[in-house]
């Protein structure tokens, strides 16, 4: 028996785990009390690390047309399936879908981009356009870089306004904050307050100092009402960044038509309370506005995401301790440089003409590209750690479209609702046999820190590392010999070392190609040792020698260094936002009759990929339709009995849960269920399959600036089944 430490890979919180290892098995997991960031906090998902790692349904051998095969046979089948399509129809005939778990792997951070560059297809899709793309777009416009996202400095703030987020159960999103509940409790303990705005009284809302119900999709109206009040009552004060912001008068002009009285019917919050929120944000010693899924997965998601930071700017809380700040991850540099700014639409989708955003197209149009004949029709699909048949809008249509592909290959450890269509499945090694470093989440952390987890168990010689799998696929797509991934590993390392003197190259350490690439990034990064020039700086060896992580201190102001806009300022207004604001204003007069559907999540779930662990699905059925008592009475619905829910896209039947936690006019169904498809190998999930909420979501309705799917505020009809 021995103890090993690693970062939990199951959500964005980046908690430290203490693992018990017996021989070649991980037998238990608990929170690492000495971890510099999480201090022993753990959620139910992290506690099941051993069960998920050794899940008997997890694939250990490739599947070729449904039967187990050797790795050579599998790659031969991929080559035989993909190469003729690429050679005859070109790279756009192969679409790539990247799922959420890619952000939780080193291979996703290091090897996906080279693969996409080698392919050169415009048909790249990801979970980002069902989740977070509006925030990337709004930050791209404001700061010149869609990956520069300010996070709430929750450990030092005095007042926090939370919209459409439930960090008590999600553990935070686009804000890496281990033990988010504990941090919110500490905020209250030091005399601060937090207010939650949400159409459901979530667990987070139940702990808040105040909860305000809001009509789904109306966050932009509330936020514009706050902006209007800040100007009308002379509460605007930019603080220390005043000289680095442009476009203040343009924001004032845009807000003129959104007085609290004008927006109260649209959002459902009284005008005097809207004004009160503006005054509280302006008067607090420090304050932070934080919006997440509920502000992104709606029709005006980009405008809402933009307004969140506009308010932070107008109240002097951007780039200020206790406000919202820019983390500095250890693998990134902090060098000032003038940028070209951010733009979208460098290409458009073939069928619906939807613009590219951040190198990808909206997944809402993937079925169009597969089903519609013509030049550059998608004929093959590569999925990497994704389950779009469950997680994308009108997934019933996508399920049928994927079934008609000429060829499909998946890099995935499960035979799930999507990969059951694959001609070849290439399962990567389990998490205990891979090193772990959070390329994505350390750049979103509410406190700067660094941590690396070496493999807990030795590699299985019969199972390639995921980096090797992606490297071989990259070489194959490029038309190069692909039986040995070493040439690509070497090429990537040489590219990383381009600006490093040759005599220092032998200082790079690491037993695996991904470790060597990480070592170069750490040495070259903001806290790095510069290959020995700064002896106290970071490198891979120091992280390995500090298994509980290294604390790099609280967030620090980074403006103007962080800005990449053409002007070198925070650019508050661009033409696209002006046009979208006009559309938002025109929608003020819409009627709000009928029921609308919103999603929800649970602490024991992470989208669709945590439902095959017995400990995480035990207990009462969580896949229920939450309905308010008033709506249940009006529609003659009975608690526990099935109801039929219908939208433009489809119909599902689901048990009713009558609760006052959801506001009248709104019903709620969790995301990621529906594990009853034939041909899958998810024996635990199949015992409590639930229903797929994305049968109801509409692929034709998106946020136009980001292409993000609208998963909240979907018009539905409801009746007893």
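In my numbering, the protein residues as written are 78 to 798. We put the beta carbon where it would ideally sit given N, CA and C, even for glycine.
- One alpha carbon belongs to residue 304, the other to residue 433, and they sit about 30 Å apart.
- Between the C-alpha atoms of residue 360 and residue 371 there is a straight-line separation of about 26 Å.
- With a contact defined as Cβ atoms closer than 8 Å, residue 443 and residue 604 miss out at about 40 Å.
- At the C-beta level, residue 747 and residue 697 stay beyond 9 Å of one another.
- When the five nearest sequence neighbours on each side are left out, the beta carbons in the same chain lying within less than 7 Å of the beta carbon of residue 525 are those of 404, 405, 629, 630, 632, in order along the chain.
- Going by beta carbons, residue 276 and residue 743 fall inside the 9 Å limit.
- Comparing alpha-carbon positions, the option among 518, 170, 173, 457 lying closest to residue 84 turns out to be 518.
- When C-alpha distances from residue 762 are compared across 491, 186, 236, the shortest belongs to 491.
- Classified as buried, residue 206 has 16 or more neighbouring CB atoms from the shown chains inside 10 Å of its CB.
- Counting along the chain, no alpha helix (DSSP H) covers residue 271; the unbroken beta strand (DSSP E) around it starts and ends at 270-274.
- Look at residue 681 here: in three-state DSSP terms it is coil, with no helix or strand label.
- The region 455-462 and the region 172-191 touch, with three or more beta-carbon pairs separated by less than 8 Å.
- Scanning its chain for C-beta atoms nearer than 7 Å, with the 5 sequence neighbours on each side dropped, one finds around residue 127 the residues 103, 104, 105, 106, in chain order.
- The alpha helix (DSSP H) runs of length 4 or more contained entirely in the region 533-572 are, from start to end of the chain, 543-554.
- For residue 502, no alpha helix (DSSP H) run applies; the uninterrupted beta strand (DSSP E) run containing it begins and ends at 501-503, by DSSP.
- Rounded to the nearest whole angstrom, the C-alpha separation of residue 82 and residue 109 is 7 Å.
- DSSP, reduced to helix, strand and coil, places residue 792 within a strand of the structure shown.
- Counting only the Cα atoms, residue 535 lies some 6 Å from residue 510.
- Annotation note: the region 696-779 contains the following uninterrupted beta strand (DSSP E) runs of length 3 or greater, listed N- to C-terminal: 702-704, 719-723, 728-735, 743-745.
- The C-beta of residue 229 has 16 or more other C-beta atoms within 10 Å across all chains shown, which makes the residue buried.
- DSSP places residue 487 in the uninterrupted beta strand (DSSP E) bounded by 484-488.
- DSSP places residue 416 outside both helix and strand once states are collapsed to three, so it counts as coil.
- For residue 388, the CB contacts under 7 Å within the same chain, skipping 5 residues up- and downstream, are 300, 303, 304, 358, 366 in chain order.
- Taking each of 741, 653, 528, 637 in turn and checking the Cα distance to residue 317, the smallest one comes out for 637.
- Counting along the chain, the unbroken beta strand (DSSP E) around residue 174 starts and ends at 171-175.
- In this structure, DSSP gives residue 602 a state outside helix and strand, which the three-state scheme calls coil.
- For residue 764, the number of other beta carbons within 10 angstroms of its own is below 16, and it is reported as exposed.
- For residue 149, the enclosing alpha helix (DSSP H) has its first and last residue at 148-166.
- Note that the region 185-202 touches the region 540-559; at least 3 beta-carbon pairs, one per stretch, sit closer than 8 Å.
- The C-beta of residue 424 has fewer than 16 other C-beta atoms within 10 Å across all chains shown, which makes the residue exposed.
- For residue 291, the three-state secondary structure derived from DSSP is coil.
- Cβ contact annotation for residue 713 (same chain, cutoff 7 Å, sequence separation greater than five): 797, in chain order.
- Contact annotation: residue 154 and residue 583 have beta-carbon atoms that are not nearer than 9 Å.
- In the structure shown, residue 178 adopts helical secondary structure according to DSSP, grouped into three states.
- Shown here for residue 269: same chain residues with a beta carbon closer than 7 Å to its own, the five before and five after excluded, namely 234, 235, 236 in chain order.
- Looking at the backbone, the Cα of residue 471 and that of residue 420 are separated by about 28 Å.
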